[in-house]
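Asks:
2 protein chains.
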Amino acid sequence: MSDLKSSTDVLVIGGGMAGLAGALALRENGADVTLVERAPEFGEVGAGLQMAPNASRVLKRWGLLEKALEIGVRPKHLVFRDAVTGEELTRQALGGEFEERYGAPYVVIHRSDLHRVLLEGCEAAGVKLVNDVMVESVETVNGRGVAHTAAGVDYEADVVIGADGLKSTLRPLVADDEPVSSAYVAYRGTVPITENTPKADLEDVIVYLGPDCHLVQYPLRKGELLNTVAVFKSPSFERGEEQYGGVDELDAAYQDCIPAVQDALKNLGTAMRWPMYDRDPIENWVAGRMVLMGDAAHPMLQYLAQGACQALEDAAVLQDVSNGTVFTADGVNPAAWDQAIKEFNTIRAGRTSRVQRTARVWGESWHVSGLARTLRNLLFKSRTDNNFQYNDWLYGQDQPGSPSRPEAALAKTLSA
Amino acid sequence: MSDLKSSTDVLVIGGGMAGLAGALALRENGADVTLVERAPEFGEVGAGLQMAPNASRVLKRWGLLEKALEIGVRPKHLVFRDAVTGEELTRQALGGEFEERYGAPYVVIHRSDLHRVLLEGCEAAGVKLVNDVMVESVETVNGRGVAHTAAGVDYEADVVIGADGLKSTLRPLVADDEPVSSAYVAYRGTVPITENTPKADLEDVIVYLGPDCHLVQYPLRKGELLNTVAVFKSPSFERGEEQYGGVDELDAAYQDCIPAVQDALKNLGTAMRWPMYDRDPIENWVAGRMVLMGDAAHPMLQYLAQGACQALEDAAVLQDVSNGTVFTADGVNPAAWDQAIKEFNTIRAGRTSRVQRTARVWGESWHVSGLARTLRNLLFKSRTDNNFQYNDWLYGQDQPGSPSRPEAALAKTLSA
Numbered sequence: 001m002s003d004l005k006s007s008t009d010v011l012v013i014g015g016g017m018a019g020l021a022g023a024l025a026l027r028e029n030g031a032d033v034t035l036v037e038r039a040p041e042f043g044e045v046g047a048g049l050q051m052a053p054n055a056s057r058v059l060k061r062w063g064l065l066e067k068a069l070e071i072g073v074r075p076k077h078l079v080f081r082d083a084v085t086g087e088e089l090t091r092q093a094l095g096g097e098f099e100e101r102y103g104a105p106y107v108v109i110h111r112s113d114l115h116r117v118l119l120e121g122c123e124a125a126g127v128k129l130v131n132d133v134m135v136e137s138v139e140t141v142n143g144r145g146v147a148h149t150a151a152g153v154d155y156e157a158d159v160v161i162g163a164d165g166l167k168s169t170l171r172p173l174v175a176d177d178e179p180v181s182s183a184y185v186a187y188r189g190t191v192p193i194t195e196n197t198p199k200a201d202l203e204d205v206i207v208y209l210g211p212d213c214h215l216v217q218y219p220l221r222k223g224e225l226l227n228t229v230a231v232f233k234s235p236s237f238e239r240g241e242e243q244y245g246g247v248d249e250l251d252a253a254y255q256d257c258i259p260a261v262q263d264a265l266k267n268l269g270t271a272m273r274w275p276m277y278d279r280d281p282i283e284n285w286v287a288g289r290m291v292l293m294g295d296a297a298h299p300m301l302q303y304l305a306q307g308a309c310q311a312l313e314d315a316a317v318l319q320d321v322s323n324g325t326v327f328t329a330d331g332v333n334p335a336a337w338d339q340a341i342k343e344f345n346t347i348r349a350g351r352t353s354r355v356q357r358t359a360r361v362w363g364e365s366w367h368v369s370g371l372a373r374t375l376r377n378l379l380f381k382s383r384t385d386n387n388f389q390y391n392d393w394l395y396g397q398d399q400p401g402s403p404s405r406p407e408a409a410l411a412k413t414l415s416a
Numbered sequence: 001m002s003d004l005k006s007s008t009d010v011l012v013i014g015g016g017m018a019g020l021a022g023a024l025a026l027r028e029n030g031a032d033v034t035l036v037e038r039a040p041e042f043g044e045v046g047a048g049l050q051m052a053p054n055a056s057r058v059l060k061r062w063g064l065l066e067k068a069l070e071i072g073v074r075p076k077h078l079v080f081r082d083a084v085t086g087e088e089l090t091r092q093a094l095g096g097e098f099e100e101r102y103g104a105p106y107v108v109i110h111r112s113d114l115h116r117v118l119l120e121g122c123e124a125a126g127v128k129l130v131n132d133v134m135v136e137s138v139e140t141v142n143g144r145g146v147a148h149t150a151a152g153v154d155y156e157a158d159v160v161i162g163a164d165g166l167k168s169t170l171r172p173l174v175a176d177d178e179p180v181s182s183a184y185v186a187y188r189g190t191v192p193i194t195e196n197t198p199k200a201d202l203e204d205v206i207v208y209l210g211p212d213c214h215l216v217q218y219p220l221r222k223g224e225l226l227n228t229v230a231v232f233k234s235p236s237f238e239r240g241e242e243q244y245g246g247v248d249e250l251d252a253a254y255q256d257c258i259p260a261v262q263d264a265l266k267n268l269g270t271a272m273r274w275p276m277y278d279r280d281p282i283e284n285w286v287a288g289r290m291v292l293m294g295d296a297a298h299p300m301l302q303y304l305a306q307g308a309c310q311a312l313e314d315a316a317v318l319q320d321v322s323n324g325t326v327f328t329a330d331g332v333n334p335a336a337w338d339q340a341i342k343e344f345n346t347i348r349a350g351r352t353s354r355v356q357r358t359a360r361v362w363g364e365s366w367h368v369s370g371l372a373r374t375l376r377n378l379l380f381k382s383r384t385d386n387n388f389q390y391n392d393w394l395y396g397q398d399q400p401g402s403p404s405r406p407e408a409a410l411a412k413t414l415s416a
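What follows is the structure, encoded as structure tokens:
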């Protein structure tokens, strides 16, 4: 079936954020890592990305945070406004007490920039990166993972990390499910900030909450670009049309919103529409020596801005569970992978399931009308700055399922 | 058309809480007051009534608060719980800071007891009380109000106060509208508190909030009686049936609630069902020398427990506007009534309209399910004890549209 074999400690399938992070994390443990990507080049589409402290702590662990900060922006506040009235509902200062509490900054960064930081991190660390590789199937043979490719080349490794995203080719090994459409569609765009850009809120992440729609806006690239994301419920999805969420629906979706929101729609690219999908949480991510991570394991709606963040957490936990077990001072112990990926799965599935489920409800609460909107607005307005009751579980250190702190990981290495 | 005439300063039509309060208030100013009631006896049906400080302040003004307190109960707390989980959502201590802030106690009292206190107040003050009088119409003739009765007896007065309730005969003089059904039905009941009564919460007003239903429970008569009110949305109303809300729907409405709530249904009288009505607010309550007050002017849903309270406020403002204008140190000046009832209307309509509208939304928020329930619960739980932001407009002293403080009223009398 295969002409050639490539053998390595770790094979990562997928060169998005999750795959790069997973590859780098295990390379940090000393593994020989090969990462294969189906596309002819590495890269990311999309616009901005919010990196909360739970994720920037992971970058910090790998020594990549400074690089991200060079190109990213540290927004001053996260602000929620009602899109119909413009009224401010709540505001969290992201420096000061917030940053101290969570041990790392809140950073907004272009997706392609974060991707490049991780890619360069992999390159510098010596991850073997291979493009144009279409993995068709993975099986476990004689206690090793084997990936069969369209080109007929097999890749063999002690463990295979399936990081191939929402429409994962590998997920059917552990679950018979499909992506779940939320009926919402996103349009995104980045435009240069010029003297004509409205000055308000340019240093903050602003979220406008409207009926069946919202709009997010924040600066990117050291404040040179303005990032805009508009997400709305598609009437044509409700009508059962397959190609739902066309640009014809965009303006109508925001017709009740304030001019600032309607004007911001001009900043969107309309060539690409992004239907919003997630999946129901699943418990098992492991099949033999293959384990899923990132969106392949736990795709989530974007309302908590945690898609990439949770992939970074995954990677850090993969690093922790294999450090001192698979990768020891005496060399590599491949037999320990069975236990390590099981532990990874156990540690992470509860947490990511909570993030997936919370993202759905959180998003729902953004889009309500009528009485529920009144209650939502009163609830948001009742919140005081630096009240962290809704943040700690997600951003906090030492939360169940989140990666160890760097010093804990270091301590483990030293004691191994 | 009429055989006999009875002439007086003030004619009050209706012997419920509103009419008695209005009669007493104007009698306090020195008016000759006749009150006519259609029923053969004075009395009140129903069970308990919550008298908030904005209403107990009015009783205090008339020297009737002590009497009400002799037979009523001062609950320790107002407590909201989720009816499905039993979880406490928020709690307000009704003594201490609350009572100090609002200048009078929160009292729960049997409707018939409060009615009797007012009735005895009227008797002691010399209001002429007449039963079995069915007023068919009121007109203004030569600057006086004339009430034509079914018996053919006319009642004439400088001013006619229309206090004939939700289904007011007089309201058509100012508005062409109908009661609005809320699709909700109430069952009420009072049972003796015995050694077998569950001990929990017996000193508090407890409101259990459920999907499309709620249940209220508090002690009455010095803690000897337990008052229970169950209010639920009638499925047969939704089906368009005219006789909706039968007792067959009662148990089913509470099927998702905790046992404490389901057990409390046994305390209800089921012989009488009370469909819940209000009306849309109207601006004008005046036709010639006739003015509406109480439920005839502004019937409201019971969620704020303000029906009787707002009638007491009406009465106190009627007292204030006629004191020193109609009723002066030099005698009665009937010509001043035109201005006085206009002023009464102006002062009160804005406030009662707000109470009517808020009661609707407040009630809606009690009955929500799903996400709105989650938001409602989080909002309620975010509230701290003695946070009065949602209470001041209603219970606070010197609020727009509420009666003057007693000392202000007294000062006006002395300066007149």
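Protein chains in written order, with UniProt numbering: chain A, 1 to 416; chain B, 1 to 416. Every residue, glycine too, gets a C-beta built ideally from N, C-alpha and C.
In the DSSP assignment, the alpha helix (DSSP H) including A/H148 goes from what residue to what residue?
Replies: Walking along the first sequence from the start, residue 148 of chain A turns up at place 148. Run containing A/H148: none in the alpha helix (DSSP H); it sits in the beta strand (DSSP E), 144–149.
Asks: Is DSSP giving A/K76 helix, strand or coil here?
Replies: As a working note, residue 76 of chain A is residue 76 in the first sequence. It is coil, neither helix nor strand.
Asks: Considering only the alpha carbon of each residue, which of B/A315, B/L209, B/D385 lies closest to B/G370?
Replies: Position 370 of the second sequence holds residue 370 of chain B. Cα-wise, what sits closest to B/G370 is B/L209.
Asks: Going by Cα to Cα distance, which pick from B/D82, B/Y218, B/L173, B/T34 is closest to B/L49?
Replies: Taking the first residue of the second sequence as position 1, residue 49 of chain B is located at position 49. Nearest of B/D82, B/Y218, B/L173, B/T34 to B/L49, Cα basis: B/Y218.
Asks: Give the range of the beta strand (DSSP E) segment to which A/V141 is assigned.
Replies: Here the question's residue 141 of chain A lines up with position 141 in the first sequence. From DSSP, the beta strand (DSSP E) with A/V141 extends over 135–141.
Asks: Quick check on this structure: which residue in A/K222, A/N386, A/V321, A/G240 has the alpha carbon closest to the alpha carbon of A/P192?
Replies: What you label residue 192 of chain A is simply residue 192 of the first sequence in a count that begins at 1. If we check each option's Cα against that of A/P192, A/K222 comes out closest.
Asks: Out of curiosity, what's the CA-to-CA distance linking B/C213 and B/A311?
Replies: Locating residue 213 of chain B in the second sequence gives position 213, counting from the first residue. Locating residue 311 of chain B in the second sequence gives position 311, counting from the first residue. If you take the alpha carbons of B/C213 and B/A311, they lie about 26 Å apart.
Asks: Helix, strand or coil for B/M51, going by three-state DSSP, please let me know.
Replies: Counting from one through the second sequence, the residue named residue 51 of chain B turns up at place 51. B/M51: strand per DSSP, three-state reduction.
Asks: Apply the 10 Å Cβ neighbour rule to A/D398 and answer buried if 16 or more other Cβ atoms are within range, or exposed otherwise.
Replies: In the first sequence, the residue the question calls residue 398 of chain A occupies position 398. With fewer than 16 other Cβ atoms within 10 Å, it is exposed.
Asks: If we count the other Cβ atoms within 10 Å of its Cβ and call it buried at 16 or more, is B/E313 buried or exposed?
Replies: The residue you call residue 313 of chain B lines up with position 313 of the second sequence. Burial call: buried.
Asks: For B/I71, which residues of its own chain have a beta-carbon under 6 Å away from its beta-carbon, when the five flanking residues on both sides are left out?
Replies: As a working mapping, residue 71 of chain B is identified with position 71 in the second sequence. Result list for B/I71: D113, in chain order.
Asks: At a CB-CB cut-off below 8 Å, which residues of chain B make contact with A/A372?
Replies: For this step, residue 372 of chain A is matched to residue 372 along the first sequence. Those within 8 Å of A/A372 in chain B are V368, L371, A372, L375.
Asks: Closer than 9 Å between beta carbons: that is the criterion. Which residues of the segment 87–99 of chain A meet it against chain B?
Replies: Cβ contacts with chain B: none found.
Asks: Return the chain-ordered list of same chain residues with a C-beta closer than 6 Å to the C-beta of A/G396, the five sequence neighbours on each side being excluded.
Replies: For the purposes of this step, residue 396 of chain A is identified with residue 396 of the first sequence, where counting begins at 1. Closer than 6 Å at Cβ, skipping near neighbours: no residue.
Asks: Can you tell which of A/P211, A/G324, A/N284, A/S181 has the C-alpha that lies nearest to the C-alpha of A/L301?
Replies: Reading the first sequence from its first residue, position 301 is the one you call residue 301 of chain A. The shortest Cα separation from A/L301 among A/P211, A/G324, A/N284, A/S181 belongs to A/S181.
Asks: Taking A/T190 as part of the beta strand (DSSP E), name the residues at either end of that continuous run.
Replies: What you label residue 190 of chain A is simply residue 190 of the first sequence in a count that begins at 1. Unbroken beta strand (DSSP E) run through A/T190: 180–192.
Asks: For A/L379, which residues in chain B fall below 7 Å Cβ to Cβ?
Replies: Here residue 379 of chain A is taken as the residue at index 379 of the first sequence, counted from 1. Going along chain B in sequence order, the residues near A/L379 (Cβ under 7 Å) are L375, L378, L379, S382.
Asks: Evaluate B/A252 with the Cβ neighbour count: other Cβ atoms within 10 Å of its Cβ, from every protein chain shown; 16 or more gives buried, anything less gives exposed.
Replies: Looking up residue 252 of chain B in the second sequence gives position 252. Per the 10 Å Cβ criterion, exposed.
Asks: Tell me which same chain residues have a C-beta within less than 6 Å of the C-beta of B/K233, skipping the five on either side of it?
Replies: By 1-based counting over the second sequence, the position of residue 233 of chain B is 233. Cβ neighbours of B/K233 beyond the five flanking positions: A183, Y184, D212.
Asks: Along the chain, where does the alpha helix (DSSP H) containing B/M17 start, and where does it finish?
Replies: In the second sequence, the residue the question calls residue 17 of chain B occupies position 17. That run of the alpha helix (DSSP H) goes 17–28.
Asks: Taking only the alpha-carbon atoms, compute the straight-line gap between A/G162 and A/Y102 and give it to the nearest angstrom.
Replies: Position 162 of the first sequence holds residue 162 of chain A. Position 102 of the first sequence holds residue 102 of chain A. The straight-line gap from Cα to Cα measures roughly 30 Å.
Asks: Is there a Cβ from chain B that is less than 9 Å from the Cβ of A/V160?
Replies: As a working note, residue 160 of chain A is residue 160 in the first sequence. By this cut-off, A/V160 is not an interface position.
Asks: Quick one: measure Cβ to Cβ for B/V79 and B/R91, integer angstroms, because I've assumed they're closer than 8 Å.
Replies: Reading the second sequence from its first residue, position 79 is the one you call residue 79 of chain B. Reading the second sequence from its first residue, position 91 is the one you call residue 91 of chain B. 5 Å between Cβ atoms; contact.
Asks: Find out if the Cβ-Cβ distance for the pair A/R116, A/A47 is shorter than 9 Å.
Replies: Against the first sequence, residue 116 of chain A aligns to sequence position 116. Against the first sequence, residue 47 of chain A aligns to sequence position 47. Cβ atoms of A/R116 and A/A47: not closer than 9 Å.
Asks: Does the distance from the C-beta atom of A/L59 to that of A/C122 stay below 9 Å?
Replies: Counting from one through the first sequence, the residue named residue 59 of chain A turns up at place 59. Counting from one through the first sequence, the residue named residue 122 of chain A turns up at place 122. Cβ distance not < 9 Å, so A/L59 and A/C122 don't count as in contact.
Asks: Classify B/Q319: buried if its beta carbon has 16 or more other beta carbons within 10 angstroms, exposed otherwise.
Replies: To locate residue 319 of chain B, count along the second sequence from 1; it is residue 319. Result: buried.
Asks: Quick check: the segment 6–17 of chain B against the segment 50–69 of chain B, are at least 3 beta-carbon pairs closer than 8 Å?
Replies: They do not touch, by the three-pair rule.
Asks: When you compare only the Cα positions, how much space is there between B/I282 and A/P275?
Replies: Within the second sequence, the letter at position 282 stands for residue 282 of chain B. Within the first sequence, the letter at position 275 stands for residue 275 of chain A. Roughly 48 Å separates the two Cα atoms.
Asks: Starting from residue 417 of chain B, trace the beta strand (DSSP E) both ways and give me its first and last residue.
Replies: With chain B represented from 1 up to 416, any question about residue 417 of chain B goes unanswered, as that position is not in the structure.
Asks: Among the candidates B/G240, B/A124, B/T190, whose CA atom is the shortest distance from the CA of B/L226?
Replies: If you number the second sequence from 1, residue 226 of chain B lands on position 226. It is B/T190 whose Cα lies nearest to the Cα of B/L226.
Asks: Could you tell me which residues DSSP puts in a beta bridge with B/D232?
Replies: As a first step, residue 232 of chain B must be located in the second sequence, where it is residue number 232. For the sequence presented, residue 232 of chain B should be read as Phe rather than Asp. Bridge partners of B/F232: B/V185, B/C213.
Asks: In whole angstroms, give me the CA-to-CA distance for B/A335 and A/R373.
Replies: For the purposes of this step, residue 335 of chain B is taken as residue 335 along the second sequence, with counting starting at 1. For the purposes of this step, residue 373 of chain A is taken as residue 373 along the first sequence, with counting starting at 1. Their backbone Cα atoms lie some 50 Å apart in a straight line.
Asks: Going by beta carbon distance, what residues of the same chain come within less than 7 Å of B/R144, once the five residues before and after it are set aside?
Replies: Locating residue 144 of chain B in the second sequence gives position 144, where the first residue counts as 1. Cβ within range, chain order: E156, A157, D158, R289.
Asks: Please report how far the alpha carbon of A/L215 lies from the alpha carbon of A/A316, in whole angstroms.
Replies: Walking along the first sequence from the start, residue 215 of chain A turns up at place 215. Walking along the first sequence from the start, residue 316 of chain A turns up at place 316. Answer to the nearest angstrom: the Cα atoms are 31 Å apart.
Asks: Let me know the secondary structure DSSP gives A/Y277 once reduced to three states.
Replies: Here residue 277 of chain A is taken as the residue at index 277 of the first sequence, counted from 1. Correct three-state label for A/Y277: strand.
Asks: Between A/P403, A/L394, A/S404, which lies nearest to A/A52 when the distance is taken from Cα to Cα?
Replies: Taking the first sequence and counting its residues from 1, the one referred to as residue 52 of chain A is at position 52. Closest by alpha carbon: A/L394.
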